[in-house]
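S.K.:
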Amino acid sequence: SKIIGTVSTHNQALCGSASNRRTWRGYHHIIDARDASLVDSIVATWALSDTAMHADMAATALFFIEAQTLQSVLDTIYVVMYPGGAVRYAKNKEIEIYG
Numbered sequence: 455s456k457i458i459g460t461v462s463t464h465n466q467a468l469c470g471s472a473s474n475r476r477t478w479r480g481y482h483h484i485i486d487a488r489d490a491s492l493v494d495s496i497v498a499t500w501a502l503s504d505t506a507m508h509a510d511m512a513a514t515a516l517f518f519i520e521a522q523t524l525q526s527v528l529d530t531i532y533v534v535m536y537p538g539g540a541v542r543y544a545k546n547k548e549i550e551i552y553g
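Position in the sequence shown counted from 1, then plus 454, gives you this note's numbering.
Set out below in structure tokens:
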């Protein structure tokens, strides 16, 4: 585990999801329902939204859809981490990514 940044919240919820958390014999809990494959193109996501339900939904959805598409239907601020450590995030005053 490594700290990659900070986020400031103001009456908001922050949720995260990662493929290295709930795992069972080589499988994890992020599965593409279209073909039953494991999602391995993203390592972790975080979402900041107005409610915990929206933040949790966004953190999971970011494994499957582009952040800009998600933002068109849900007011959320996001961070997406890829294998190798590359990070993409919504440029916003609430988020500071180190490095």
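Each residue gets a CB set at the ideal place from its N, CA and C atoms; glycine is no exception.
1. For W500 versus L528, is the C-beta distance shorter than 8 angstroms?
2. Specify, as a first and last residue, the run of the beta strand (DSSP E) that L502 falls within.
3. Drop a sphere of 10 angstroms on the beta-carbon of S471, count the other beta-carbons inside from all chains shown, and report buried for 16 or more, exposed for fewer.
4. Would you report the Cα separation of R488 and F518, rounded to the nearest angstrom?
5. Using the rule of at least 16 other Cβ atoms within 10 Å of the residue's Cβ for burial, across every protein chain shown, is S455 buried or exposed?
6. What are the partner residues of A467, as DSSP defines its beta bridges?
7. Have a look at T505 and M511 and give me their C-alpha separation to the nearest angstrom.
8. Can you say whether A403 is buried or exposed, counting buried as having 16 or more other CB atoms within 10 angstroms of its CB?
9. If you check the beta carbons only, do Y552 and Y543 fall under 8 angstroms apart?
M.R.: Result, derived from the coordinates:
1. For W500 and L528, no; Cβs fall outside 8 angstroms.
2. Counting along the chain, the unbroken beta strand (DSSP E) around L502 starts and ends at A498 to S503.
3. The residue is buried, with at least 16 neighbouring Cβ atoms inside 10 Å.
4. Looking at the two C-alpha atoms, the distance is approximately 11 angstroms.
5. Answer is exposed; the Cβ neighbour count stays below 16.
6. In the DSSP secondary-structure assignment, A467 is bridged to S503.
7. A direct Cα-to-Cα measurement between T505 and M511 gives close to 10 angstroms.
8. Residue 403 is absent from the model: the chain starts at 455 and stops at 553.
9. Taking the C-beta atoms as reference points, Y543 is found no nearer than 8 angstroms to Y552.
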